[in-house]
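Worksheet: the structure to be examined is printed underneath.
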Amino acid sequence: MALHIFKNVSLSDLLLTDTQDTLQNKFKYIDIVMNWHDAQIHCRTHYVDLATITDDTENTFLANILSNMGRYYAWFGLHKNPLNPWQWSDESSVSLSSVKWEPGQPDNVKGIEDCVKASTEGLMADDSCSTPLLTPNPKVVGSSLGPAIPRPRCP
Numbered sequence: 001m002a003l004h005i006f007k008n009v010s011l012s013d014l015l016l017t018d019t020q021d022t023l024q025n026k027f028k029y030i031d032i033v034m035n036w037h038d039a040q041i042h043c044r045t046h047y048v049d050l051a052t053i054t055d056d057t058e059n060t061f062l063a064n065i066l067s068n069m070g071r072y073y074a075w076f077g078l079h080k081n082p083l084n085p086w087q088w089s090d091e092s093s094v095s096l097s098s099v100k101w102e103p104g105q106p107d108n109v110k111g112i113e114d115c116v117k118a119s120t121e122g123l124m125a126d127d128s129c130s131t132p133l134l135t136p137n138p139k140v141v142g143s144s145l146g147p148a149i150p151r152p153r154c155p
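First residue of the sequence shown: 1, per UniProt numbering; consecutive thereafter.
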């Protein structure tokens with residue numbers, strides 16, 4: 001059981017992207033409880049955007065970050081758009097066949113699961129965009145990665 005010292009606050013996970021060449025410089029891990037929309041605003045304001053996964057190497061790298069940080073889920077940039085069934089937060093399109101979904105996902109429970117979280121196994125699952133992600137293991141705080149260079153990219 002976890003003990004939180006903050007009033008109505010727990011730790012959560014966000015992965016942010018930057019435009020650096022190496023994976024360690026490209027992604028920044030942040031511990032903040034937020035729903036998907038607030039996470040997107042935070043990422044765009046302070047960094048670039050929510051993480052976009054472009055290949056298996058990035059997927060494995062990000063799954064390892066979550067595992068090493070003692071987290072299970074984190075928001076990623078994948079979400080539904082009324083004009084495009086699924087797209088990344090940076091507005092790039094995605095092929096559903098290229099996404100590694102958890103078994104039975106996406107399932108769109110109650111028709112409200114329009115945002116995507118990733119797990120330590122590197123598998124994706126849809127969830128309600130209003131869900132704040134809570135960490136099951138808040139003992140680890142911070143990041144083993146260097147800071148991302150702030151480069152907001154807002155439309």
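Beta carbons: idealized from backbone N, C-alpha and C, even for Gly. All values derive from a computational prediction rather than experimental measurement.
- A contact between stretches requires three or more CB pairs, one per stretch, nearer than 8 Å, and the segment 87 to 106 meets this requirement with the segment 116 to 130.
- Take residue 84, set aside five residues on each side of it, and the residues of its chain with a beta-carbon closer than 7 Å to its own are 93, in chain order.
- Collapsing the DSSP output to three states places residue 64 in a helix.
- Cα atoms of residue 95 and residue 53: separation of roughly 12 Å, rounded to the nearest angstrom.
- Counting along the chain, the unbroken alpha helix (DSSP H) around residue 43 starts and ends at 36 to 46.
- Here residue 82 is exposed: its Cβ has fewer than 16 other Cβ atoms, across all protein chains shown, within 10 Å.
- With a contact defined as Cβ atoms closer than 8 Å, residue 34 and residue 132 qualify at about 6 Å.
- Only residues of its own chain outside the window of five on either side were considered, and among them 128 have a CB closer than 6 Å to the CB of residue 112, listed in chain order.
- Of the residues assessed, residue 79 falls on the buried side of the cut-off, its CB having 16 or more other CB atoms within 10 angstroms.
- For the pair residue 27 and residue 46, the Cα-to-Cα distance works out to about 13 Å.
- Cα atoms of residue 31 and residue 97: separation of roughly 30 Å, rounded to the nearest angstrom.
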